[in-house]
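Just so we're aligned, residue 9 is where the sequence shown starts under this note's numbering, counting upward by one.
Heads up: the structure comes next, in structure tokens.
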Amino acid sequence: MSIQPTIATIHVPFDLGAARRGASQGPASILQAGLQHHLEDMGLTIESLTEVGFGGVALAPLDQQIEAENLNYLAEVLEINTRLAEVVDLAVKKGSFPLILGGDHSIAIGTLAGLAAHYRNLGVIWIDAHSDLNTAATSPSGNIHGMSLAVSLGIGHPSLTEINGVKPKVKPENIVLIGARSLDEGEKKLIRSLGIKCYTMYDIDRKGMANVMQEAIDYLKDRTDGVHVSYDVDSLDPIEAPGTGTTVRGGLQFREAHLAVEMLHESGLVTSAEFVEVNPLLDEENKTSQLAVSLISSLLGEQIL
Numbered sequence: 009m010s011i012q013p014t015i016a017t018i019h020v021p022f023d024l025g026a027a028r029r030g031a032s033q034g035p036a037s038i039l040q041a042g043l044q045h046h047l048e049d050m051g052l053t054i055e056s057l058t059e060v061g062f063g064g065v066a067l068a069p070l071d072q073q074i075e076a077e078n079l080n081y082l083a084e085v086l087e088i089n090t091r092l093a094e095v096v097d098l099a100v101k102k103g104s105f106p107l108i109l110g111g112d113h114s115i116a117i118g119t120l121a122g123l124a125a126h127y128r129n130l131g132v133i134w135i136d137a138h139s140d141l142n143t144a145a146t147s148p149s150g151n152i153h154g155m156s157l158a159v160s161l162g163i164g165h166p167s168l169t170e171i172n173g174v175k176p177k178v179k180p181e182n183i184v185l186i187g188a189r190s191l192d193e194g195e196k197k198l199i200r201s202l203g204i205k206c207y208t209m210y211d212i213d214r215k216g217m218a219n220v221m222q223e224a225i226d227y228l229k230d231r232t233d234g235v236h237v238s239y240d241v242d243s244l245d246p247i248e249a250p251g252t253g254t255t256v257r258g259g260l261q262f263r264e265a266h267l268a269v270e271m272l273h274e275s276g277l278v279t280s281a282e283f284v285e286v287n288p289l290l291d292e293e294n295k296t297s298q299l300a301v302s303l304i305s306s307l308l309g310e311q312i313l
């Protein structure tokens with residue numbers, strides 16, 4: 009298996025990339041739901057938790073950022089992702105498996121920036137109700153958590169696309185979207201024009217999750233030298249995961265979500281992962297935080313028998 013015996017857990021309490029506050033409390037909520045003890049019980053070695061804090065002072069000149077329109081909290085998003093990229097880069101250099109806990113999905117910008125220097129053909133499995141392929145020109149809201157994958161493709165404000173100097177962080181042919189069901193018109197056009205492989209909920213309904221995941225694994229296994237899993241809990245139906253800020257009905261069911269990560273573990277392809285958009289302020293009796301713990305555990309090798 010490609011998963012390393014040492015897990016570098018990186019905690020990113022940040023939510024300024026999203027429309028609703030509260031996802032900054034997601035990492036603490038996941039940890040309080042017993043993640044570290046659960047992984048240790050599985051026999052995994054966990055590094056001391058690294059928190060990527062928000063210092064309130066941008067790390068790059070703001071001349072272009074001040075001019076930017078429809079990019080909410082650009083300076084803050086830039087700062088946290090610049091810091092996160094450095095931490096992820098260091099974890100990979102040490103030979104650890106980076107496990108990033110968000111926070112809103114804008115933190116994927118920093119995650120992928122930190123990974124990009126280590127893989128010539130990084131694969132990304134993006135499990136999300138949304139594709140996060142908007143730009144300032146196409147976004148209805150200006151919230152950068154809806155632009156993170158576009159930025160990682162090198163499309164967007166240069167202060168974000170140029171984090172760590174590698175551009176793009178991922179190639180369109182190395183991306184697989186899974187669970188999409190809420191796509192803006194600009195995102196649809198970009199998916200089609202770049203030929204990004206996208207399995208919507210319609211595809212999952214027709215083919216079944218097992219077939220979708222096997223196709224995704226087969227598609228990536230020979231073209232990539234590492235695979236990052238970016239898992240947004242809003243990919244699940246709100247009945248399963250109420251504690252997230254951008255719920256969309258008709259999402260993944262509990263067993264579909266688990267089957268996806270179980271098959272990814274069995275594939276041996278996964279070299280890093282992040283779980284984002286857990287918002288405990290919107291949760292019901294920690295249901296979503298506990299679900300995140302079980303999904304992470306399955307991705308890292310927990311089995312029923």
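Note that beta-carbon positions come from the ideal geometry of N, C-alpha and C, so glycine has one too.
Leu198 sits away from Pro176, with the two beta carbons spaced by 8 Å or more. Shown here for Val220: same chain residues with a beta carbon closer than 7 Å to its own, the five before and five after excluded, namely Ile186, Tyr207, Asp211, Ile212 in chain order. Ranked by Cα distance from Gly154, the options Lys205, Ser305, Ser297, Leu24 are led by Leu24. Short of 6 Å from the beta carbon of Leu141, and not among the five residues preceding or following it, lie these beta carbons of its own chain, in chain order: Leu157, Ala158, Glu195, Leu198. For the set Leu308, Ile312, Ser243, the Cα lying nearest the Cα of Pro106 is the one of Leu308. By the neighbour-count criterion, in which a residue is buried when 16 or more other Cβ atoms sit within 10 angstroms of its Cβ, Ala224 is buried. Assignment of Tyr127 by DSSP, reduced to helix, strand and coil, places it in the coil class.
With respect to the 8 Å criterion, Ala26 and Asn294 are not classified as neighbours on the basis of their beta carbons. For Ser302, the uninterrupted alpha helix (DSSP H) run begins and ends at 295-307, by DSSP.
Between Gly253 and Ala31, the gap from beta carbon to beta carbon is short of 8 Å. The shortest C-alpha to C-alpha distance from Lys205 to any of Lys102, Ile135, Gly110 is the one to Ile135. Separation of Leu43 and Leu109 (C-alpha to C-alpha, rounded to the nearest whole angstrom) is 11 Å. If you check the CB distance, Ala116 and Val174 do not come in under 8 Å. In terms of Cα proximity to Leu82, the closest of Val20, Leu277, His165, Ser306 is His165. Ranking Met50, Leu92, Asn129 by CA distance to the CA of Thr58 puts Leu92 first.
In this structure, the alpha-carbon of His45 lies about 11 Å from that of Ser305.
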